[in-house]
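Top line first, the protein sequences correspond to chains L and P. With my numbering applied, the first sequence corresponds to residues 1 to 208, in that order. With my numbering applied, the second sequence corresponds to residues 209 to 416, in that order. Before any comments, here is the structure.
2 protein chains.
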Amino acid sequence: MTGLRAKQKADRNRRILEAATTLFREMGYDAARIEDIAERAEVSVGTFYNYYQNKGDILVAAVSMEVEEVLAAGKIIVENPPATVSEALQALIGQYYDHSLVYLSKEMWRTAMAISIQQPESPFSKRYTELDGRLCDQVSTLMTKLQLRGGVMPGIDAVAAGQMFFNNLNMMFIEFVKDEAMELDTLKDMVGRQNRPLATLISGPKIQ
Amino acid sequence: MTGLRAKQKADRNRRILEAATTLFREMGYDAARIEDIAERAEVSVGTFYNYYQNKGDILVAAVSMEVEEVLAAGKIIVENPPATVSEALQALIGQYYDHSLVYLSKEMWRTAMAISIQQPESPFSKRYTELDGRLCDQVSTLMTKLQLRGGVMPGIDAVAAGQMFFNNLNMMFIEFVKDEAMELDTLKDMVGRQNRPLATLISGPKIQ
DNA sequence: GAAAAAGATTGAATGAGTTCATTTTTTAAG
DNA sequence: CTTAAAAAATGAACTCATTCAATCTTTTTC
């Protein structure tokens with residue numbers, strides 16, 4: 001059948017992705033030229049474009065791997081969350097934020113976000129948006145779960161509250177990657193303060 | 209002193225900005241070449257770069273003017289807001305959203321947002337970020353004002369709540385410009401639903 | 001196993017944003 | 001008014017992402 005050809009293809013794909021992520025981390029996204037990536041991956045420039053539509057695509061591919069890991073880590077927390085809204089949110093959001101800079105630099109995040117906004121119809125942008133949606137769902141699922149357990153007052157729209165928490169943490173993450181000087185702890189503190197009113201109020205009177 | 213020189217400078221700057229905004233609106237951001245903008249403004253390509261650091265800068269400059277108008281329109285509402293949190297928010301956010309597409313296309317918004325995220329250190333990006341901050345302050349000011357009037361329960365962190373409302377409306381606006389098919393009404397409905405839990409709860413028991 | 005077909009690779013050419021050494025214009029000094 | 005200094009404009013050259021016609025490799029056919 002397609003023994004050699006398929007094997008070579010998979011191998012080249014792996015080499016290109018590895019070369020690109022290495023160079024992006026080493027020298028930054030802008031400074032890494034397609035020529036450099038191609039050379040490191042031992043393919044021609046043309047071949048790079050047979051595997052990825054454009055330079056941004058390969059970055060979003062790298063980001064996708066990262067977000068998948070964050071989702072997996074978050075899943076564990078959602079499956080067995082702390083009892084109160086505040087504690088549960090702090091655990092989940094802390095997990096998200098702590099994981100965010102393991103593989104990717106702030107510059108890489110900025111570029112990936114910029115691409116996903118600017119070219120929303122490109123395949124990888126759609127994938128990025130889909131991953132964002134799954135993260136949002138995860139926060140909403142957490143709220144729904146807490147509501148079933150009595151940690152959130154009945155009658156509250158738990159999904160809407162979850163979306164609001166997510167949009168807030170996401171927007172603040174954008175602020176964070178825009179500011180090279182901002183520390184993770186500062187980000188967490190700010191989001192914690194912003195979330196507190198809603199987190200406290202939906203928990204019901206017993207928390208007051 | 210610096211009579212002629214300053215006058216010519218201001219004039220060229222105005223011509224370049226006008227040429228760029230016209231062409232961006234007429235043919236889209238990507239299709240408008242620096243050469244076209246320079247030609248229309250009757251300057252050389254090099255001169256364009258003496259006035260703006262790069263192509264994106266001038267778009268962000270145009271968008272910033274738009275945000276200034278939105279801020280001015282919002283100010284009127286904040287000065288004399290509806291009594292309830294829900295109504296006041298609906299009025300202010302509706303004003304923001306309705307104004308957003310008067311001069312700018314979704315493509316222009318996408319590009320401007322992408323640039324302001326990707327190149328946060330460029331002067332116009334800083335300006336854009338600062339304007340975002342003022343919009344956020346405007347929402348917080350509205351909440352503080354409502355709290356003084358009794359529309360928001362005492363003891364609530366009105367500023368934090370305002371920031372959360374703003375981050376939510378801002379994130380949803382990004383979703384809106386990413387999706388060419390989404391209508392303004394859909395956006396308003398979604399944001400309205402997301403805001404409802406917090407808006408209702410901070411209003412206190414009388415609203416229930 | 002040779003020839004044809006299909007699938008991939010290649011790198012020079014293209015095009016648009018950006019730079020920078022040179023030239024031109026304006027201002028200040030004598 | 002002349003000349004020197006400062007500021008600004010200029011456009012050809014450069015960089016780098018992207019394309020595509022030519023070439024090479026693998027698979028299929030007989």
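Positions of the beta carbon are idealized from the N, C-alpha and C atoms, including for glycine. Model, not experiment: these values are computed from the prediction.
- With fewer than 16 neighbouring CB atoms inside 10 Å of its own CB, Gly150/L falls in the exposed class.
- The beta carbon of Ala299/P is closer than 8 angstroms to those of Ile285, Pro289 and Pro290 in its chain, skipping five residues each way along the sequence.
- Remark: C-beta atoms of Met153/L and Ile117/L do not approach each other more closely than 8 angstroms.
- Three or more beta-carbon pairs separated by less than 8 angstroms are not found between the segment 267-279 of chain P and the segment 239-250 of chain P, which leaves the two stretches without contact.
- Cβ proximity to chain L below 9 angstroms picks out Leu377, Asn378, Met379, Met380, Ile382, Glu383, Val385, Lys386, Asp387, Glu388 and Met398 from the segment 377-398 of chain P.
- Under the 10 Å beta carbon count, Ala407/P is surrounded by 16 or more other beta carbons and is classified as buried.
- Scanning chain P for C-beta atoms nearer than 8 angstroms to the C-beta of Leu198/L yields Ala369, Met372, Pro405, Leu406 and Leu409, reported in chain order.
- Exclusion of the five residues before and after Thr21/L leaves Ala62 as the residues of its chain whose Cβ lies within less than 6 angstroms of its Cβ.
- Interface with chain P (8 angstroms Cβ-Cβ cutoff): Ile58/L is excluded.
- Note on geometry: alpha-carbon atoms of Met143/L and Gln355/P lie some 27 angstroms from one another.
- If you look at Ile323/P, you'll find it in the alpha helix (DSSP H) that goes Lys314 to Gln326.
- Rounded to whole angstroms, the separation of the alpha carbons of Leu169/L and Lys126/L is 20 angstroms.
- Excluding sequence positions up to five before and after Arg223/P, its CB lies within less than 6 angstroms of the CB of Ala249, all in the same chain and listed in chain order.
- Annotation: Met398/P to Val45/L spans about 44 angstroms, alpha carbon to alpha carbon.
- A direct Cα-Cα distance of roughly 6 angstroms separates Ser272/P from Tyr336/P.
- Its chain contains Ile77, Pro81, Pro82, Leu142, Leu146 and Gly151 as the residues whose beta carbon lies nearer than 8 angstroms to that of Ala88/L, once the 5 sequence neighbours on both sides are disregarded; these appear in chain order.
- If you check the CB distance, Arg318/P and Val385/P come in under 8 angstroms.
- By the neighbour-count definition (other C-beta atoms within 10 Å, threshold 16), Met321/P is a buried residue.
- Taking CB atoms only, Gln8/L has no neighbour in chain P less than 8 angstroms away.
- The beta carbon of Met390/P lies closer than 7 angstroms to those of Phe384 in the same chain, with the five residues before and after it left out.
- From the beta-carbon of Arg342/P, no residue of chain L is found nearer than 9 angstroms; the closest lies around 15 angstroms away.
- Between Asp157/L and Arg404/P, the gap from beta carbon to beta carbon is short of 8 angstroms.
- Burial check for Ala214/P: the Cβ neighbour count within 10 Å stays below 16, so the residue is exposed.
- Burial check for Leu267/P: the Cβ neighbour count within 10 Å reaches 16 or more, so the residue is buried.
- Taking 8 angstroms as the CB threshold, Arg149/L stays off the interface with chain P.
- Going by beta carbons, Arg12/L and Tyr51/L fall inside the 8 angstroms limit.
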